[in-house]
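Below you'll find the structure, written out as structure tokens, and then a few comments.
Numbering (the UniProt record's numbering), first residue to last: 1 to 362.
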């Protein structure tokens with residue numbers, strides 16, 4: 001609660017903990033203080049956040065502490081790491097923290113790390129049938145140890161997976177009927193996964209509605225759900241899709257804001273964000289009518305996704321390139337759609353692959 005609504009209380013506590021560390025030396029609690037400090041710094045001082053996060057991890061390793069490891073890993077690998085490193089690099093640490101949390105009895109942070117593992121795995125293209133089993137296993141543990149609020153964060157991930165593999169018609173249901181949590185962060189998380197799946201299925205009106213609901217539910221929060229540092233990329237794609245569909249100028253500011261944020265991310269972490277920026281630039285060029293530049297940018301973008309992207313993002317990049325080339329009556333469109341469909345199947349998203357196959361305009 002205080003992390004997202006009353007952060008001044010947390011800041012006061014961790015400041016005192018850090019003062020005591022400087023006065024009396026490090027202890028196990030010091031690692032939690034520096035990790036939490038890193039979490040709160042990441043929005044305003046990325047380098048400071050990285051420094052404090054590294055210090056927290058060093059204390060955990062040096063003192064070989066287990067009780068605080070799940071909490072430290074959740075703050076550092078969950079809150080700070082996504083802005084500097086590839087998402088998949090942190091997954092193994094979240095699983096380690098999940099296992100340690102269960103062993104030492106810190107079930108709250110065990111399940112939080114389990115949630116980070118599942119959410120990040122979905123975003124970085126882990127094979128969906130395997131991920132579904134892993135998520136269901138973590139949900140069983142959460143149920144067994146009465147971690148109901150944390151289980152709420154995992155349910156939309158499983159439902160997103162079911163929709164992608166073609167085993168659920170969740171997109172036809174009303175999100176409000178499924179979301180029972182009164183905590184706005186959890187509601188924001190629910191709306192994000194709905195928004196993401198709707199975008200992947202090219203249901204841009206639903207995606208936009210879910211994004212609006214997410215923002216509305218989070219407006220009282222000091223910190224919003226950032227999809228592990230990728231929210232600007234996904235929002236930008238939806239804004240661009242709506243600009244293409246509606247031709248309305250109101251999307252221009254939203255697109256510019258997303259582009260600016262992803263451009264800044266690409267400067268600080270090019271391996272993680274450059275390919276995403278290239279796709280946003282290609283999509284932008286396609287709606288401004290710069291056909292030659294757009295074609296060039298799509299070519300560069302899909303090549304970059306082949307090298308640095310995840311399977312799910314690769315598939316989306318190829319599909320968007322296919323959309324562009326078919327709009328230009330360019331003979332390259334079938335090869336891009338074919339590659340996209342193959343990548344969706346590789347990911348395990350048979351439902352989406354079938355959807356693409358039935359909607360290709362030739």
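Just so you know, even glycine gets a beta-carbon here, dropped at the ideal spot from N, CA and C. As the structure is a computational prediction, the values presented were derived from the model and not from experiment.
Rounded to the nearest angstrom, how far is the Cβ of residue i from that of residue j, given a contact under 8 Å?
{"i": "residue 33", "j": "residue 14", "result": "5 Å"}
{"i": "residue 301", "j": "residue 317", "result": "6 Å"}
{"i": "residue 250", "j": "residue 204", "result": "Between residue 204 and residue 250 the Cβ distance is about 14 Å, and since that is not below 8 Å, they are no contact."}
{"i": "residue 272", "j": "residue 86", "result": "5 Å"}
{"i": "residue 191", "j": "residue 213", "result": "5 Å"}
{"i": "residue 336", "j": "residue 360", "result": "Not really, about 10 Å apart at Cβ, beyond 8 Å."}
{"i": "residue 306", "j": "residue 314", "result": "6 Å"}
{"i": "residue 186", "j": "residue 208", "result": "Between residue 208 and residue 186 the Cβ distance is about 21 Å, and since that is not below 8 Å, they are no contact."}
{"i": "residue 150", "j": "residue 112", "result": "6 Å"}
{"i": "residue 196", "j": "residue 235", "result": "Going by Cβ atoms, the distance from residue 196 to residue 235 rounds to 10 Å, so no, they are not a contact pair."}
{"i": "residue 320", "j": "residue 278", "result": "Between residue 278 and residue 320 the Cβ distance is about 11 Å, and since that is not below 8 Å, they are no contact."}
{"i": "residue 57", "j": "residue 72", "result": "7 Å"}
Residues in the same chain with beta-carbon distance under 7 Å from residue i, minus the five sequence neighbours each way, listed in chain order, please.
{"i": "residue 42", "result": "49, 79, 80, 83"}
{"i": "residue 104", "result": "66, 67"}
{"i": "residue 224", "result": "188, 218"}
{"i": "residue 157", "result": "118, 119, 122, 135, 193"}
Can residue i be considered in contact with the ligand FAD, in the sense that its beta carbon sits closer than 6 Å to one or more heavy atoms?
{"i": "residue 121", "result": "Absence of the ligand FAD is noted for the structure shown, with no ligands found whatsoever."}
Helix or strand or just coil, what does DSSP make of residue i?
{"i": "residue 255", "result": "helix"}
{"i": "residue 42", "result": "coil"}
{"i": "residue 361", "result": "coil"}
{"i": "residue 21", "result": "helix"}
{"i": "residue 331", "result": "coil"}
{"i": "residue 106", "result": "coil"}
{"i": "residue 118", "result": "helix"}
{"i": "residue 269", "result": "coil"}
{"i": "residue 58", "result": "helix"}
{"i": "residue 236", "result": "helix"}
{"i": "residue 71", "result": "helix"}
{"i": "residue 84", "result": "coil"}
{"i": "residue 213", "result": "helix"}
{"i": "residue 64", "result": "coil"}
{"i": "residue 139", "result": "helix"}
{"i": "residue 220", "result": "coil"}
{"i": "residue 230", "result": "coil"}
{"i": "residue 126", "result": "coil"}
{"i": "residue 26", "result": "coil"}
Please work out which residues of its chain come closer than 6 Å, Cβ to Cβ, to residue i, disregarding the five sequence neighbours upstream and downstream, and give them in chain order.
{"i": "residue 232", "result": "258, 261, 262"}
{"i": "residue 106", "result": "70"}
{"i": "residue 127", "result": "348"}
{"i": "residue 116", "result": "78, 94"}
{"i": "residue 53", "result": "38, 76, 80"}
{"i": "residue 310", "result": "124, 125"}
{"i": "residue 312", "result": "125, 347"}
{"i": "residue 265", "result": "273"}
{"i": "residue 354", "result": "none"}
{"i": "residue 275", "result": "304, 305, 308, 309"}
For residue i, which residues in the same chain have their Cβ closer than 8 Å to its Cβ, ignoring the five residues on either side in sequence?
{"i": "residue 63", "result": "26, 27, 28, 31"}
{"i": "residue 165", "result": "128, 129, 132, 348, 349, 350, 351"}
ask   = Is the segment 256 to 265 touching the segment 292 to 307, taking contact as three or more C-beta pairs under 8 Å?
value = Judged by Cβ distances under 8 Å, the segment 256 to 265 makes no contact with the segment 292 to 307, as fewer than three pairs qualify.
Inset, instruction - Jot down the residue ranges of each uninterrupted alpha helix (DSSP H) in the segment 272 to 320, minimum 4 residues, whole runs only, in chain order. - result: With a minimum length of 4 residues, the continuous alpha helix (DSSP H) runs that stay inside the segment 272 to 320 are 291 to 308.
Pairing CB atoms from the segment 325 to 342 with CB atoms from the segment 129 to 143, are three or more of them under 8 Å? They do not touch, by the three-pair rule.
* Asked: Is it a yes or a no for the segment 106 to 121 touching the segment 342 to 350, going by three-plus beta-carbon pairs under 8 Å?
  -> No: fewer than three Cβ pairs fall under 8 Å.
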